[in-house]
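*Asks:*
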Amino acid sequence: MNILYDERIDGTLPDVDRPALLQALRETLPDLEILHRPEDLKPYECDGLSAYRTVPLLVVLPERLEQVQALLKLCHQRGVPVVARGAGTGLSGGALPLAKGILLVMARFKRILEVNPQGRFARVQPGVRNLAISQAAAPYGLYYAPDPSSQIACSIGGNVAENAGGVHCLKYGLTVHNLLKVEILTIEGERMTLGSDALDSPGFDLLALFTGSEGMLGIVTEVTVKLLPKPQVARVLLASFDSVEDAGRAVAEIIAAGIIPGGLEMMDNLAIRAAEDFIHAGYPVDAAAILLCELDGVEADVQDDCQRVAAVLAQAGAREVRLACDEAERARFWAGRKNAFPAVGRISPDYYCMDGTIPRRELPRVLRGISTLSEEYGLRVANVFHAGDGNMHPLILFDANLPGELERAEAIGGRILELCVAVGGSITGEHGVGREKINQMCAQFNSDEINLFHAVKAAFDPKGLLNPGKNIPTLHRCAEFGALHVHHGQLPFAELERF
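Now the structure itself:
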């Protein structure tokens, strides 16, 4: 087990008088639904990263803004930590509850308040599902661009908290690029508006600061998102390769040719076979890797871009390039990619989904590095990622029932993330840091930067009650983390020549 990761923040928090807190909540908020029995709390013990579980002290399910305000004020007065949760689809332990804290579930705030086709925006509550926004905007020929693979279930509040992306973020950006305004509550229950209805607002860009802050600075209560016109035409090319290195080089060559696809995704053979067996998307199961390249816009431009991309792919070593013959085949191609995670779950008892970002030029070397680490640790790794923007999602296959396998999965995952940093990348692209990557923050940032992060946190939350123990490590943790790696000689920074 990763020693620092497994060090529970609950051990450093003061004890909470649970009966007194429950009584105070009932007196202050008599109409608030509060879960307190063990059998009711158990379903909330983890988010999408199910390897790590903590049963919360209490779970509250408010339905009105006033309830959330009163709850936060009470917790602030009593020094009780609060962890916010939306749909619970996060993959970094960001919504992992605390045994000495309240889990604030915002799932019942699920109203679409306004769709404005003239202004091309929508106002929604934080519990609205990502896909539901596009469905509400569809009658006006509009849609919401960020589309994480979990979009059928994930909520927009969680997307803001993690700065979620998706398969089309290469051209249309992450959540932060598609927001106009966010309404939040501070830990004191104070209402704040970040951003504005205009494209810009005066002062510091607090909207960008808040997006991706993982519930550490405030609670999202309303989101105003930008809507885009649906492209007139969208076409998908599927290219197969005999090596993952050739596929990786093809990605860089497409971008170098001045073409920005709507989506540019890559899958290796293990992921291809799993997805094909599950979805029957028409993937070539004998290919070492495939690229899915979607081009959208007006008909004439898309036709021209398809020809250019096909030529680039052929020059890069693609053994076959197929254009989806109709909308049904295009949908199947994307269904295979978007269902890659559950597909891999069918071929392994457990898997650990990583999230790191690298410069596109480093794709071949990092893929070689992952292959080397896979052999070293004796665990299979399926590679599925947003190749266009270098956001990788290696899926580490293991069996938690076998002694030591979870620990090995954690260890290889940490080294993959450190490899991403070593080549000039980042430890996360869209899943967030949460509890999962808190050690690797020490590889990404120096002590001055980490101190600055703590100062920003303290400006919003002086008592440190919002989602404590996530995202930002202490300097003590970083010192211990560095000592462990020097002792074991595991830092991949000195190993790059191997890859």
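Counting in our numbering, the sequence shown runs from 41 upward without gaps. We treat Cβ as the ideally placed atom computed from N, Cα and C, and that holds for glycine. Predicted model only: the values in this text are computed from it and were never measured.
(1) How many whole angstroms separate the CB atoms of L219 and K266, which I take to be in contact at a CB cut-off of 8 Å?
(2) Report yes if the CB atom of C460 is closer than 7 Å to the CB atom of G396, and no otherwise.
(3) Count the other C-beta atoms from every protein chain shown that fall within 10 angstroms of the C-beta of K82, then say buried if there are 16 or more, exposed otherwise.
(4) Which residues in the same chain have their Cβ closer than 7 Å to the Cβ of R7, if we skip the five residues on either side of it in sequence?
(5) Ignore the nearest five residues each way along the sequence and tell me which others in V352's own chain have a CB closer than 6 Å to its CB.
(6) Could you pull out every residue in the same chain whose Cβ sits closer than 6 Å to the Cβ of Y417, ignoring the five residues on either side in sequence?
(7) Is V108 closer than 7 Å to P102 when the C-beta atoms are compared?
(8) Just to check my reading of the structure: I224 and L234 have Cβ atoms closer than 8 Å, yes? What is that Cβ distance to the nearest angstrom?
(9) So the alpha helix (DSSP H) L210 belongs to, where does it begin and stop?
(10) Tell me whether the stretch 469–483 and the stretch 420–438 touch, counting them as touching only if at least three CB pairs, one residue from each stretch, are closer than 8 Å.
(11) Tell me where the beta strand (DSSP E) around R148 begins and ends.
(12) Does K266 come out as helix, strand or coil in the three-state DSSP assignment?
(13) Out of L143, A176 and A147, state which residue places its alpha-carbon closest to the alpha-carbon of C86.
(14) When we look at the beta-carbon of D317 and count the other beta-carbons within 10 Å, is it buried (16 or more) or exposed?
(15) Could you tell me the alpha carbon to alpha carbon distance between G243 and S236, rounded to whole angstroms?
(16) Could you tell me how far apart the beta carbons of R275 and C346 are, in whole angstroms, since I believe they sit closer than 8 Å?
(17) Starting from Y391 and walking both ways along the alpha helix (DSSP H), at which residues does that stretch end?
(18) Given a threshold of 16 other Cβ atoms within 10 Å of its Cβ, counted over all protein chains shown, does L247 qualify as buried or as exposed?
(19) Residues in its own chain within less than 6 Å of V338 by CB, not counting five upstream and five downstream?
(20) Comparing alpha-carbon positions, which option in N170, Y180, V168 and G167 lies nearest Q158?
(21) Assuming contact is defined by CB atoms lying nearer than 7 Å, are A314 and I410 in contact in what I supplied?
(22) Is it true that the CB of N507 sits closer than 7 Å to the CB of G252?
(23) State the CB to CB distance for the pair S280 and E360, rounded to an integer number of angstroms; the pair is presumed to be in contact (CB under 8 Å).
(24) Determine whether the beta carbon atoms of F373 and L278 lie at a separation below 7 Å.
(25) Kindly indicate which three-state DSSP category F244 falls into: helix, strand or coil?
(26) Could you tell me which of A127, G134, P301 and A64 sits nearest to I196, measuring between CA atoms?
(27) Starting from T35, trace the alpha helix (DSSP H) both ways and give me its first and last residue.
(28) Tell me whether C518 sits in a helix, a strand or coil according to DSSP, three-state version.
(29) Where do the ends of the alpha helix (DSSP H) carrying H116 lie?
(30) Can you tell me where the alpha helix (DSSP H) holding P382 begins and where it ends?
(31) Using the rule of at least 16 other Cβ atoms within 10 Å of the residue's Cβ for burial, across every protein chain shown, is S487 buried or exposed?
*Replies:* With the given structure in hand:
(1) In the sequence shown, residue 219 corresponds to position 179, counting from 1. In the sequence shown, residue 266 corresponds to position 226, counting from 1. Contact flag correct, Cβ pair sits at about 7 Å.
(2) Numbered from 1 along the sequence shown, position 420 holds the residue referred to as residue 460. Numbered from 1 along the sequence shown, position 356 holds the residue referred to as residue 396. Their beta carbons are under 7 Å apart, which means C460 touches G396 by this criterion.
(3) On the sequence shown, residue 82 is found 42 positions in, with the first residue counted as 1. Looking at its Cβ environment, which holds fewer than 16 other Cβ atoms inside 10 Å, K82 is exposed.
(4) There is simply no residue 7 to check, as the chain begins at 41 and stops at 539 in what is shown.
(5) By 1-based counting over the sequence shown, the position of residue 352 is 312. Taken in chain order, the residues that qualify are E293, I294 and A297.
(6) The count along the sequence shown starts at 1 and reaches residue 417 at position 377. The residues are R448 and I452.
(7) Indexing the sequence shown from 1 puts residue 102 at position 62. Indexing the sequence shown from 1 puts residue 108 at position 68. Result yes, Cβ atoms of P102 and V108 sit closer than 7 Å.
(8) As a first step, residue 224 is located in the sequence shown; it is residue number 184 there, counting from the start. As a first step, residue 234 is located in the sequence shown; it is residue number 194 there, counting from the start. Contact flag correct, Cβ pair sits at about 6 Å.
(9) Looking up residue 210 in the sequence shown gives position 170. Start and end: C209 to Y212.
(10) Touching, yes.
(11) Locating residue 148 in the sequence shown gives position 108, where the first residue counts as 1. Looking at the DSSP string, R148 is not in any beta strand (DSSP E), and its letter there is neither H nor E.
(12) Indexing the sequence shown from 1 puts residue 266 at position 226. Strand.
(13) Here residue 86 refers to the residue found at position 46 of the sequence shown. It is L143 whose Cα lies nearest to the Cα of C86.
(14) Numbered from 1 along the sequence shown, position 277 holds the residue referred to as residue 317. Per the 10 Å Cβ criterion, exposed.
(15) The residue you call residue 243 lines up with position 203 of the sequence shown. The residue you call residue 236 lines up with position 196 of the sequence shown. Looking at the two C-alpha atoms, the distance is approximately 11 Å.
(16) By one-based count along the sequence shown, residue 275 stands at place 235. By one-based count along the sequence shown, residue 346 stands at place 306. Beta-carbon to beta-carbon, R275 and C346 are separated by about 6 Å, close enough to satisfy the 8 Å threshold.
(17) As a working mapping, residue 391 is identified with position 351 in the sequence shown. Not the alpha helix (DSSP H): Y391 falls in the beta strand (DSSP E), residues D390 to C393.
(18) In the sequence shown, the residue the question calls residue 247 occupies position 207. L247 counts as buried, since no fewer than 16 other beta carbons sit within 10 angstroms of its beta carbon.
(19) For the purposes of this step, residue 338 is taken as residue 298 along the sequence shown, with counting starting at 1. Contacts found: Q272.
(20) In the sequence shown, the residue the question calls residue 158 occupies position 118. The residue with the shortest Cα to Cα distance from Q158 is Y180.
(21) Your numbering for residue 314 matches position 274 in the sequence shown. Your numbering for residue 410 matches position 370 in the sequence shown. Contact: no.
(22) Working through the sequence shown from its first residue, we reach residue 252 at position 212. Working through the sequence shown from its first residue, we reach residue 507 at position 467. Contact: no.
(23) Taking the sequence shown and counting its residues from 1, one reaches residue 280 at position 240. Taking the sequence shown and counting its residues from 1, one reaches residue 360 at position 320. Sure, about 5 Å apart at Cβ, within 8 Å.
(24) For the purposes of this step, residue 373 is identified with residue 333 of the sequence shown, where counting begins at 1. For the purposes of this step, residue 278 is identified with residue 238 of the sequence shown, where counting begins at 1. For the 7 Å CB-CB criterion, F373 and L278 form a contact.
(25) By one-based count along the sequence shown, residue 244 stands at place 204. DSSP, reduced to helix, strand and coil, places F244 outside both helices and strands of the structure shown, so it counts as coil.
(26) The residue given as residue 196 occupies position 156 in the sequence shown. Of A127, G134, P301 and A64, the residue nearest in Cα terms is A127.
(27) Lying before the first or after the last residue shown, residue 35 is absent from the chain, which here runs from 41 to 539.
(28) In the sequence shown, counting from the first residue as 1, residue 518 sits at position 478. In the structure shown, C518 sits in a helix (DSSP, three-state: H, G or I).
(29) As a working mapping, residue 116 is identified with position 76 in the sequence shown. For H116, the uninterrupted alpha helix (DSSP H) segment begins and ends at L105 to R118.
(30) As a working mapping, residue 382 is identified with position 342 in the sequence shown. For P382, the uninterrupted alpha helix (DSSP H) segment begins and ends at A380 to G385.
(31) For the purposes of this step, residue 487 is taken as residue 447 along the sequence shown, with counting starting at 1. For S487, the number of other beta carbons within 10 angstroms of its own is below 16, and it is reported as exposed.
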